[in-house]
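Read through the structure below, which is laid out as structure tokens, and then see the notes.
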Amino acid sequence: MPLGVITAEEMRDILRHLTEADGFPVPALIENAANALVTQVRLMLERLPGSQIIGLAGPGQTGAVTIATARRLAGAGAQLTILLATERSELSELAAAQLRLAEPFGIRIFDPGALIPPGQLVIDGLVGSTEPPALSPSAASLVDAALRLKLPILAIDVPSGLNATTGKADLPTIRADVTVTLGYPKAGLRKPFAKNLVGRLVVADIGIPPTTWKRRGLLPPDFTAGPLVEVLAE
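Using this note's numbering, the final residue of the sequence shown is 696, and nothing's skipped along the way.
Printed below as a string of structure tokens:
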């Protein structure tokens, strides 16, 4: 039985219930996601220490995951650059807290308008399924710049610019080599016309209990072998 799909609204409801009703701390979800993403980055790069990795961070929860991932990668010896899509004063509390944790790790952090430096990998964390899909002008500029680099791109949750529910893509939209979607596959990622933007689709374990999916009649991802499960094409 293959994994099902959920809409962006369903994912927001699941996370709201998990954090508000069940008391699961949001920072723990972020750290779980970052752990899974580091695993995927290691699979994409021949050698992590010394690698130049670029993170594109939006102001919300997806940006917080990007920054948490960058911190862990920097701790493992990679050279990280984070480009913010908003001024630091406009970051959410979650993203701002992650930025404070990341700064002691020697990560280069640039405000909007900075040029993207050369590197081996781009991590797209501008917009996820829990946030409005429309890109701000500064985020759209970062997407354009990332696409021009012709580097491998790892998208967090959904490629920025792609609607997580419908699969509709705005201009510009990230064209990912791998999309690590958080928790469960989003409906828009499985649309046939979104395949070229999503690339390989992988689900990350962020700590959501299997019973959450079973209550909705969905098959839980099997993370017994690790924090990532690849979603095979139908």
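Note that the Cβ used here is the ideal one computed from N, Cα and C, for glycine as well.
inquiry  = Closest to Arg474 by C-alpha separation, out of Leu561, Leu611, Asp619, would be which residue?
reply    = By one-based count along the sequence shown, residue 474 stands at place 12. Per the Cα distances, Asp619.
Same chain only: Cβ atoms within 6 Å of Ile492, ignoring 5 sequence neighbours per side = Within the sequence shown, the letter at position 30 stands for residue 492. Contacts found: Ala526, Val527, Ala530.
query = Can you tell which of Leu588, Gly645, Ile615 has its C-alpha closest to the C-alpha of Glu692?
reply = Within the sequence shown, numbered from 1, the residue matching residue 692 stands at position 230. Taking only the C-alpha atoms, the option nearest Glu692 is Gly645.
inquiry  = Which residue wins for smallest C-alpha separation from Ala495, given the options Leu545, Ala540, Thr673, Thr524?
reply    = Mapped onto the sequence shown, residue 495 falls at position 33. Answer by Cα proximity: Thr524.
ask   = If you count every other CB in all the chains shown that lies within 10 Å of the CB of Pro599, and 16 or more means buried, which is it?
value = Against the sequence shown, residue 599 aligns to sequence position 137. Burial call: exposed.
query = For Thr635, is the classification buried or exposed, using 16 other Cβ atoms within 10 angstroms of its Cβ as the cut-off for buried?
reply = By 1-based counting over the sequence shown, the position of residue 635 is 173. Looking at its Cβ environment, which holds 16 or more other Cβ atoms inside 10 Å, Thr635 is buried.
inquiry  = Do Ala540 and Leu510 count as a contact pair if the criterion is CB distance below 8 Å?
reply    = In the sequence shown, counting from the first residue as 1, residue 510 sits at position 48. In the sequence shown, counting from the first residue as 1, residue 540 sits at position 78. Yes; because the gap between Cβ atoms is below 8 Å, this pair is in contact.
inquiry  = I believe Phe572 touches Arg533 by the beta-carbon criterion, under 8 Å. Please report the beta-carbon distance rounded to the nearest angstrom.
reply    = Indexing the sequence shown from 1 puts residue 572 at position 110. Indexing the sequence shown from 1 puts residue 533 at position 71. 16 Å between Cβ atoms; not a contact.
ask   = For the putative contact between Leu545 and Ala576, defined by C-beta atoms under 8 Å, what is the C-beta separation to the nearest angstrom?
value = Working through the sequence shown from its first residue, we reach residue 545 at position 83. Working through the sequence shown from its first residue, we reach residue 576 at position 114. The Cβ separation is near 6 Å, so the contact holds.
ask   = Alpha carbon to alpha carbon, what distance is there between Ala547 and Val664?
value = Counted from its first residue, the sequence shown places residue 664 at position 202. Counted from its first residue, the sequence shown places residue 547 at position 85. For Val664 and Ala547, the distance between alpha carbons rounds to 25 Å.
ask   = Leaving out five residues before and five after Pro579 in sequence, what residues of the same chain have Cβ atoms less than 6 Å from its Cβ?
value = On the sequence shown, position 117 is the one that residue 579 refers to. Spatial neighbours of Pro579 in its own chain (CB-CB distance under 6 Å, excluding positions within 5 residues in sequence) are listed in chain order as Thr543.
task = Taking 8 Å as the cut-off, decide whether the C-beta atoms of Leu611 and Asp639 are in contact.
result = On the sequence shown, residue 611 is found 149 positions in, with the first residue counted as 1. On the sequence shown, residue 639 is found 177 positions in, with the first residue counted as 1. Their beta carbons are not under 8 Å apart, which means Leu611 does not touch Asp639 by this criterion.
query = Between Asp619 and the ligand SAH, is the CB less than 7 Å from at least one heavy atom?
reply = The ligand SAH is not part of this structure, which contains no ligands at all.
message = Does Gln582 come out as helix, strand or coil in the three-state DSSP assignment?
response = In the sequence shown, counting from the first residue as 1, residue 582 sits at position 120. Coil at Gln582, not helix or strand.
key: Continuous alpha helix (DSSP H) stretch holding Ile529: start and end   = Locating residue 529 in the sequence shown gives position 67, counting from the first residue. Counting along the chain, the unbroken alpha helix (DSSP H) around Ile529 starts and ends at 523-537.
query = Is it a yes or a no for the segment 673-689 touching the segment 653-661, going by three-plus beta-carbon pairs under 8 Å?
reply = no
ask   = For Asp667 versus Pro647, is the C-beta spacing smaller than 8 Å?
value = Working through the sequence shown from its first residue, we reach residue 667 at position 205. Working through the sequence shown from its first residue, we reach residue 647 at position 185. Not in contact: Asp667 and Pro647 (Cβ atoms no closer than 8 Å).
task = Name the two residues that bound the continuous beta strand (DSSP E) containing Arg570.
result = Taking the sequence shown and counting its residues from 1, one reaches residue 570 at position 108. Here the beta strand (DSSP E) through Arg570 covers 570-572.
ask   = For the alpha helix (DSSP H) that Ile636 lies in, which residues bound it at each end?
value = Within the sequence shown, numbered from 1, the residue matching residue 636 stands at position 174. Run containing Ile636: none; DSSP gives neither H nor E here.
query = Comparing alpha-carbon positions, which option in Leu604, Leu465, Trp675, Leu588 lies nearest Val557?
reply = For the purposes of this step, residue 557 is taken as residue 95 along the sequence shown, with counting starting at 1. In the sequence on display, residue 557 carries Ala and not Val. Selected option, being the one with the closest Cα: Leu588.
message = I'd like to check one pair, Leu553 with Pro521: are the Cβ atoms closer than 8 Å?
response = Counted from its first residue, the sequence shown places residue 521 at position 59. Counted from its first residue, the sequence shown places residue 553 at position 91. Closer than 8 Å, so yes.
ask   = Straight-line CA distance for Ala538 to Ile516?
value = On the sequence shown, position 76 is the one that residue 538 refers to. On the sequence shown, position 54 is the one that residue 516 refers to. Using only the alpha carbons, I get a separation of about 15 Å.
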